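Input: a single structure, listed below in structure tokens.
Protein chains: 2
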Amino acid sequence: MHAYVGTILRINLTEKTIKCEPLDVETAKKFIGGRGLGSYLLSQEIDPEIDALSPENKVFITTGPLTGTTVPTGGRYMVITKSPLTGTIASSNSGGFWGPELKNAGYDIVVLEGKAEKPVYISIKDDQVEIKDAAHLWGMKVNETTDTLLEEFGDPKARVLCIGPAGENLSPMAAIMNERYRAAGRSGVGAVVGSKNVKAIVVRGSGKVKIADEEKMKAFVKDAMKKIRENGVTGQGLPTYGTAVLVNIINESGVLPTRNFQTGVFADAEAISGETLAAEYLVKKDPCYRCPIACGRYTKADEMEGGGPEYETIWCYGSDCGINDMKAIIKANHLCNEYGLDTITAGATIACAMELFEKGYIKPEEVDGPELTWGNAEAIIEWTKKMGTSEGFGAKLAQGSYRLAESYGVPEYSMTVKKQELPAYDPRGIQGHGVQYATSNRGGCHVRGYLISPEILGLPEKLDRFSLEGKPLWAKIFQDLTASIDASGMCLFTSFALGAGDYADLLSAAWGVEVTAEDVLTAGDRIYNLERIFNLKAGLTKADDTLPKRLLEEPMPEGPSKGWVHKLDELLPKYYEVRGWDADGVPTAEKRKELGLE
Amino acid sequence: MHAYVGTILRINLTEKTIKCEPLDVETAKKFIGGRGLGSYLLSQEIDPEIDALSPENKVFITTGPLTGTTVPTGGRYMVITKSPLTGTIASSNSGGFWGPELKNAGYDIVVLEGKAEKPVYISIKDDQVEIKDAAHLWGMKVNETTDTLLEEFGDPKARVLCIGPAGENLSPMAAIMNERYRAAGRSGVGAVVGSKNVKAIVVRGSGKVKIADEEKMKAFVKDAMKKIRENGVTGQGLPTYGTAVLVNIINESGVLPTRNFQTGVFADAEAISGETLAAEYLVKKDPCYRCPIACGRYTKADEMEGGGPEYETIWCYGSDCGINDMKAIIKANHLCNEYGLDTITAGATIACAMELFEKGYIKPEEVDGPELTWGNAEAIIEWTKKMGTSEGFGAKLAQGSYRLAESYGVPEYSMTVKKQELPAYDPRGIQGHGVQYATSNRGGCHVRGYLISPEILGLPEKLDRFSLEGKPLWAKIFQDLTASIDASGMCLFTSFALGAGDYADLLSAAWGVEVTAEDVLTAGDRIYNLERIFNLKAGLTKADDTLPKRLLEEPMPEGPSKGWVHKLDELLPKYYEVRGWDADGVPTAEKRKELGLE
């Protein structure tokens, strides 16, 4: 007994075949599961140099060993594939209930390979798995798709994962949605699914995940719950305001990206804060599977309602576009969910377009919709729709900010790392966080090593956010721990309250073998290096480990981070060193051997 | 503008008429709304001496002025009617989303009067209101009723309130259920609805509640949210473990009623604790409308899943029946929700039956089901089903513990006040809480003045739980404040963090007039006295303000409350005095005049 179901469901869309394969449990444990095991299998099965949108790419939808168990937040699944946005390995993570349902149906992993001739969807009811015609679903938005499939499936408790029109249109900002408004959001994973002509996967399972040691697990779960409850972030801030609690906090540190990162202070932050969201638009909290934190919000703005917005959506559609209209942000959020768009890339791309418009690169005459001016609430709504359908100038935006800015010859106005839009923290005022931005294996990302935790929130200890001292090592440790948490099937947010030892305890109860904190960190290191090796084989180099020029050269113009640039030059070599990589950022033979990587 | 919609929907089932009447806003403000206004209207419209199950009784389903607004927890509705269990005025409160939906449809209150010839249900879609045939629904359990009605109504976002088989069978422990597993649980309000041949009310509204001062409201809501977040109970304990967090706390004070209140210490408390629930059976948190606390749980035990169990269910089916099997308790809870039973009265009645069986009053030969022995997990499940359908000996149990024990000539084994089962706190170790038990206007009840807050939890300040000093006044103030909170449409749980001044602020923003903390307490006093006067007219006397003999005469046998009895004799005269009542517990003419009551 080991908490894996033990079965991989492999669906070849070209051949129209469905196969069950046994999971190699020893390999699984080496990479834990989820992001780790998925990355390993992808590395084994595809050539990293292929075109992400070709039939040769594969999609691994993976659970972790703790997915579907009794651990708090144990409801995550991940999507691992080659990204059409970044060209790197992608691993996007989502919550809700789809992951546990897949395990209850009897599968740890679903693999999509090849390409269907015509649109299809996958129906999974325990061991009844079918590839079904989806002609009638193609073109539908996410809620309509979900309603239609739930009715066809005949069980309202089934869980629907699907893409929206953006995924069908192969937009590299297309997300995979589950349960209407949960998203495996980043890196264009929805476009890869769309490229295979797959619209959805509906799943319903009657089984139950079994683990090795029930008694041990009960005790560890109680302990973890207690720590989560007693922690200020997981026990109070996130439960009350959701992730949007960060708007005011980050603005007060002068690192809330505003008008495409031109400054880190937004005068109207309060109007788009978590406090305002709670006071005006919240309908209810909307928690994921077994989550004691319940950061999820369900909101309503006029006729539009649904999950979110998260802090990351509020920032990019808000301060980054100079928008102080919370209602417009909520509507843009719901539209992203309907079209299946990654909100960060979508909002940040509009922000980039606004700067290109302000600076005269984008001409008024080529814009077939609302003016791309800072603070134009109508613009964020209408351009989101047009990105969602790749209509007119929206088709250009739907390629993301890098390709947009590059088409005007000024890629430096795209606030991206590896062509993926940076999240809501200006690294000029958070030096450690900037290193992890530059080195994240999936490009600009905040959830691959959330140094905001020590550098701003003071967890597990408060670091000086401007200091460079020790930051490379902090970045490495956070990246490694995060990789293991993602691989386990738990939510990263637990890490405000839990440490490597806690995850080790939970895994040891699940697996029935002793697991130490060191084992957890080593597995994370292994996963991180595996991803890095994939990216190097895909053609990325040291030159890709960088930040937008603005953040390296233009000092922050105002506020509590005034005068700072990010000092990546000083930090990067030290980071490579603590990683055990050579001066070109390549894992040394010694490091590979230590981790058991070829 | 004043936060009321301004319309009462009156449905006469005998006459088959549907009428809209204007709400008298000045009267509404005097009694705030919800429990207050409903009690006023009931007092005006029915003779308190009538039979609760006769067509002369009426049911007022009322919202408060804050229901459906942006205030945290503003989603409550209340049911006011004469109770078939207690013969007193009943006012049962429920959360979820039904109340806001009713207001969005354009009504503050629904009145059911008369009796339909055949089973019917009420369909409300904004101003389209219909009385519809419910022959096909009669006999259905709650989930099936809900599924059927949602399909017939044709809008999955509609909200369904209904009764289960228990209400149809006129069991005085029948609840009104909404959204499957939220309950206006106590005092048999479901039987009154059943006596009118009404199975359900489905509602969907497209409107939005308007208030007087949006800007003021935003500021007050932000402030209230902050206080709720920063409070240990509303910000941490309830969010993490739900109400079941109390199991260990109350057991550690030696006041967890065990084996029908024979003792206050349950050796297996940990096995039925909130910590165990979270570690083993929780599927997700399941919050009500705009609630930052999110105490609601959604759990699964084998094939049964749904909302709850609450602390009150765990206690009465757990320690009170000598049961340490959490899975059985969860199943009993889900069965209560399916049959539409009040879990407290249902569980406590089984506990009483177990003691009657132990003492030889109930003979083995009359029991057509599992043996009624302490700790028999099968018994709590099977007898719940039989109470739900009034089958065999279950029909006798379905009358509640008072009528059961009385039928054997030993009513003293029924742990009730005014024939309603006491909740989960043995008053021998909590003297103030005992006074409010004895004087609660709806009989044995913990949510009419929750002195557990100061006496056990230390909020707003810690009182010596064994001391009598000042307790009558504490009871009065808590009862009054509670009445106003119930009347407002907010959840009582906010009162761990908020005080009378906070509710006054929220009401003043809603109404657009100045409201003080004193106004709030006076309105509560008015409501409390109004209810009292109803009960006196219904025939209740001072003699009904008492506690079960056991709690007054048998010292607690063990644990941290060992040796104590409840000292009601000393406390009651002082309570009457602080209330402004005469020595017989009748509100004086002066008091009535002061409160503007006839």
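So the protein lines, in turn, are chains A and B.
Take the first sequence: its letters are residues 0 to 597, numbered as in numbering that gives the first Met the number 0.
Take the second sequence: its letters are residues 0 to 597, numbered as in numbering that gives the first Met the number 0.
From the three backbone atoms N, C-alpha and C, an ideal C-beta is built for every residue, glycine too.
Note that the coordinates shown come from a computational prediction; the quantities given were computed from them, not determined experimentally.
What first and last residue would you give for the alpha helix (DSSP H) that runs through residue i?
i	result
A/L520	516 to 536
A/L505	499 to 510
A/I380	376 to 388
B/Y316	310 to 316
B/C161	That residue, B/C161, is in no alpha helix (DSSP H); its beta strand (DSSP E) goes 158 to 161.
Name the two residues that bound the continuous beta strand (DSSP E) containing residue i.
i	result
A/D132	127 to 132
B/F392	Taken as a continuous stretch (DSSP letters only), B/F392 belongs to no beta strand (DSSP E), being part of the alpha helix (DSSP H) at 392 to 396.
B/S53	No beta strand (DSSP E) holds B/S53; DSSP gives it neither H nor E.
A/Y601	Given a span of 0 to 597 for chain A in the structure shown, any question on residue 601 of chain A remains unanswerable.
B/P21	16 to 21
B/I349	No beta strand (DSSP E) contains B/I349, which is instead part of the alpha helix (DSSP H) from 342 to 357.
B/K81	76 to 81
A/G305	303 to 306
Note down, in chain order, every chain A residue with its Cβ under 9 Å from the Cβ of residue i.
i	result
B/G234	G234, Q235, P238, T239
How would you list, in chain order, the residues of chain B whose beta-carbon sits under 8 Å from the beta-carbon of residue i?
i	result
A/R158	The premise fails here: A/R158 is roughly 13 Å from chain B at the closest Cβ pair, so nothing lies under 8 Å.
A/C290	K283, K284
A/T615	An answer regarding residue 615 of chain A cannot be provided, because it is not within the stretch 0 to 597 covered by chain A.
A/A293	P238, K284, P286, A293
Just to make sure I have the definition right: I need the residues of chain B whose C-beta is within less than 9 Å of the C-beta of residue i. Which are they?
i	result
A/I227	T239
A/T69	A277, A278, E279, Y280, L281
Less than 8 Å between C-beta atoms, sequence neighbours within five positions excluded: which residues of the same chain meet that for residue i?
i	result
B/L41	K57, F59, I79, T80, K81, I88, F533
B/F128	What sits at residue 128 of chain B in the sequence shown is Val, not Phe. Excluding residues within five positions, the ones whose Cβ falls inside 8 Å are L8, I10, I17, I121, S122.
B/T262	M555, P556, E557, G558
Leaving out the 5 sequence neighbours to the left and right, which residues in its chain are closer than 6 Å to residue i when beta-carbon positions are compared?
i	result
B/L276	A243
A/W373	R258, G321, M353
A/G448	Q435, A474, F477, Q478, T481
A/V264	G253, E557, G558
Going by Cα to Cα distance, which pick from the options is closest to residue i?
i	options	result
B/I31	B/F265, B/D518, B/K561, B/G189	B/D518
A/S560	A/P99, A/S494, A/Q430, A/L570	A/Q430
B/T415	B/E552, B/A190, B/T348, B/E365	B/T348
A/C315	A/G305, A/I329, A/V191	A/I329
A/R181	A/G5, A/P71, A/S91, A/K470	A/S91
B/T540	B/L421, B/G368, B/E214, B/A437	B/A437
B/K326	B/S466, B/R179, B/E302	B/E302
B/G408	B/Y360, B/G428, B/P422	B/Y360
B/T545	B/P99, B/E569, B/G523	B/E569
A/M139	A/P118, A/V70, A/G562, A/M77	A/P118
A/G27	A/E44, A/D46, A/T6	The sequence shown places Ala at residue 27 of chain A, rather than the Gly named in the question. Per the Cα distances, A/T6.
A/I248	A/Y338, A/L456, A/K358, A/E55	A/L456
A/M216	A/G73, A/K461, A/R464, A/P471	A/G73
B/E213	B/A183, B/A266, B/A270, B/T68	B/T68
A/L571	A/L12, A/A486, A/H432, A/K461	A/H432
So which residues on chain A does residue i lean against when the C-beta distance must stay under 7 Å?
i	result
B/C335	The contacting residues do not exist; B/C335 stays about 21 Å from chain A at best.
B/K217	A278, E279
B/K221	E274, A278
Which bits of chain B does residue i rub up against, with CB to CB less than 7 Å?
i	result
A/C490	Simply none; closest approach about 13 Å.
Excluding the five sequence neighbours on either side, which residues of its own chain have a C-beta within less than 7 Å of the C-beta of residue i, listed in chain order?
i	result
A/D85	It should be noted that the sequence gives Thr, not Asp, for residue 85 of chain A. If we look at A/T85 and ignore the five residues flanking it on each side, its Cβ neighbours are S186, K417, K418, Q419, R441, G442.
B/M0	K209, I210, A211, G511
Give the residues of chain A in contact with residue i, contact being defined as C-beta atoms less than 8 Å apart.
i	result
B/A496	Here the premise fails: no neighbours, minimum Cβ distance about 11 Å.
B/M224	T239, Y240, E274, A277, A278
Answer with yes or no whether the minimum CB distance from residue i to chain D is below 8 Å.
i	result
A/E593	Among the protein chains in the structure shown, which are A and B, there is no chain D.
Worksheet item: Should the segment 61 to 70 of chain B be regarded as contacting the segment 114 to 121 of chain B, the criterion being three or more beta carbon pairs within less than 8 Å?
Response: Taking 8 Å as the limit for Cβ pairs, the verdict is that the segment 114 to 121 of chain B does not touch the segment 61 to 70 of chain B.
Three or more C-beta pairs under 8 Å: does that hold for the segment 493 to 505 of chain A against the segment 195 to 214 of chain A? Verdict: no, contact absent.
### Three CB pairs or more closer than 8 Å across the segment 286 to 297 of chain B and the segment 219 to 237 of chain A
The segment 286 to 297 of chain B makes no contact with the segment 219 to 237 of chain A, as fewer than three CB pairs between them are under 8 Å.
Would you say the segment 574 to 585 of chain B touches the segment 526 to 541 of chain B, given that touching needs at least three Cβ pairs under 8 Å?
-> Touching, per the Cβ criterion.
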